[in-house]
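Structure record follows, encoded as structure tokens.
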Amino acid sequence: MGLRRLLAICWIICHYRLDTLIPAEKLPLRARLLLKFGPWRMFPKRGYSRGERLRCALENLGPIFIKFGQVLSTRRDLLPDDVSEELTKLQDQVPPFASELAVAAIETALGKPIAELFAAFDREALASASIAQVHTATLHNNIDVVVKVVRPGIERTITADIQLLRTIARLVQRYVPDGRRLRPIEVVEDYQHTIFDELDLQREGANTSQLKRNFKDSEVLYVPEVYWDYTRRNVLVMERIHGIPVTDVHTLREQGTDMKKLAERGVEIFFTQVFRDSFFHADMHPGNIFIAHDRPASPQYIAIDCAIIGSLSDFDQYYLARNLLAIFQRNYREVAELHVECGWVPPETRVHEFEAAIRSVSEPIFEKPLAEISFGQLLLYLFQTARRFDMEVQPSLVLLQKTLLNIEGLGRQLYPQLDLWSTAMPFLERWVRDRYSPQSMLKRVSHRLPGWLEQLPQLPETLLERGVPNKSSSAAEELRHKNEVSLVLREQAARARNQRIAIIALISAALIADPGIRDSLRHLPSSSVLLFGVALYFFIRSR
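Per my numbering: the sequence shown = residues 246 to 788.
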């Protein structure tokens, strides 16, 4: 790091008295003396709160630190509420870089002069952020587009600043009393992955295309088209959208938008992405959301900037849905048991103590009318409670929690009477019911069945290879290995038979339970039904 940069950082630390964020009484003697007699003591505190001082310092340190502050603001499980609230005010608006640099980057990436690429190109930036800026343009087929360009040289700046952040994180972890619990080094590592992912605009384009496919022909969400012929790692060209900013409530009401339906559809979009697709837009702050002009009675969202995407495993989806339903039903015992069962807290956790802690947090909240309860805040309090029982932070759940807080806050801004509970609960109940219906399970089994059958013939050889003893072992050891392998093979064969019988039973149950399947089978040729029966017979008899 250059001396000039180091001096600038030291001045900002002094100017905003960041030393006051560290409780000196719990520090080693040398560190206390440094805090007490350091040069920052010459600067006044200016009456700012600790959150304000941290926010202002990050703003003055530059775009990378602003971005870091935004990411840090989502870690409400790690920071005090007053600091988190202040960091959410960080605005990612930075001066644009020179248009000549933007044009040069586009021409280098796409290999053609700007006039050959576009019929028109506005050299004045439409918007500018810490990572990239956006220009409007028109393709030669008269399609209006936006061109997103990564800031030149930003990778070097990010690398240098992340090294600094890592150094600060080590100091916090070593000297701040709650440093280890806050896990600052892990936060910096998460930020590093996030920001370098955002630098890859091809990745953002791929996320956008996937989200567009997931909501193809949807009435509730529109995602703009990506033009891949004009997209590279540092340049992204997309369809230009024209909508009302979601925060422009006055214009939305003026055009007669159904605000209740608009707010409820935001919740519906979120839960659909999380539970149907396991692929959710994790950066849905108001600047990335617009509302279509042409359908006020049936409002449609428009989402942009898909750089940050979250996903959940089948395992996490299932346990999260059951946890949320148990919370809705105020079944604290089940919430505690589910946390232990899914491994979010250690298996030795005393369930009755965990249940009591969850109840003490939740009951005061539930005394309010449902429409006044923040679902996202309740989830946050539950995570904070679970951390006292050594719950490991799940990155996917942190992203989900942040997105839920954004969606709920936005929904209540649009329609203050939004009851997220009554909107979400039927969705979750239907998801759990549909996911574990015989038809859904049959669909998942049939999807995995070819892979299982493909691996089945190699199973005995795999087990034998694992059980082959070393040549130097004795005859007795060799015999023992053979007996163990034989036993494992017999157990595996029995288990495979039981699994096949269970699959057949499941298929049969689905055929009996679903009239649509029965009707479909009636219309199949008898030869197809016979072949299906023969295949099932040989499958159950196979070794």
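Positions of the beta carbon are idealized from the N, C-alpha and C atoms, including for glycine.
For residue 668, the enclosing alpha helix (DSSP H) stretches over residues 665-680. Three or more Cβ pairs closer than 8 Å define a contact, and the stretch 479-488 meets that threshold against the stretch 374-392. For the pair of segments examined, the stretch 515-533 was found to touch the stretch 648-655: the number of CB pairs separated by less than 8 Å reaches three. Nearest in C-alpha terms to residue 447, of all of 474, 296, 466, 432, is 474. Residue environment analysis places residue 386 among the exposed positions, since fewer than 16 neighbouring C-beta atoms fall within 10 angstroms of its C-beta. CA-CA distance, residue 550 to residue 488, rounds to 15 Å. Nearest to residue 623 by alpha-carbon distance, out of 443, 636, 585, 607, is 607. Residue environment analysis places residue 601 among the exposed positions, since fewer than 16 neighbouring C-beta atoms fall within 10 angstroms of its C-beta. For residue 314, same chain residues with a beta-carbon under 7 Å away, outside a window of 5 residues either side, are 300, 303, 332, 335 in chain order.
Residues 544, 659 of the same chain have their beta carbon placed closer than 6 Å to that of residue 507, with the five preceding and five following residues left out of the count. Nearest neighbour of residue 536 by Cα position, chosen from 555, 528, 493, 523, turns out to be 493.
Just measuring C-alpha positions, the residue of 362, 442, 383 sitting nearest residue 377 is 442.
In the DSSP assignment, residue 380 falls within the unbroken beta strand (DSSP E) covering 377-383.
In the structure shown, residue 486 falls within a coil segment according to DSSP collapsed to helix, strand and coil. In this structure, DSSP gives residue 342 a state outside helix and strand, which the three-state scheme calls coil. Note that the C-beta distance between residue 571 and residue 583 is below 8 Å. By the neighbour-count definition (other C-beta atoms within 10 Å, threshold 16), residue 510 is a buried residue.
A Cβ-Cβ contact shorter than 8 Å links residue 531 with residue 491.
Residue 604 sits away from residue 626, with the two beta carbons spaced by 8 Å or more. For residue 573, the three-state secondary structure derived from DSSP is helix.
Shortest Cα-Cα distance from residue 503 to any of 515, 538, 470 involves 538. For residue 293, there is no enclosing beta strand (DSSP E), as DSSP marks it with neither H nor E. In this structure, DSSP gives residue 393 an extended state, which the three-state scheme calls strand. Listed as beta-bridge partners of residue 471 by DSSP are 483. In its chain, beyond the 5 residues on either side, 309 have a beta carbon closer than 6 Å to the beta carbon of residue 406.
In this structure residue 527 does not touch residue 673 by the C-beta definition: roughly 20 Å separates them, more than the 8 Å allowed.
Residue pairing by DSSP places residue 366 opposite 382 in a beta bridge. One alpha carbon belongs to residue 654, the other to residue 515, and they sit about 13 Å apart. Distance between residue 574 and residue 610, taken at the CA atoms: about 14 Å.
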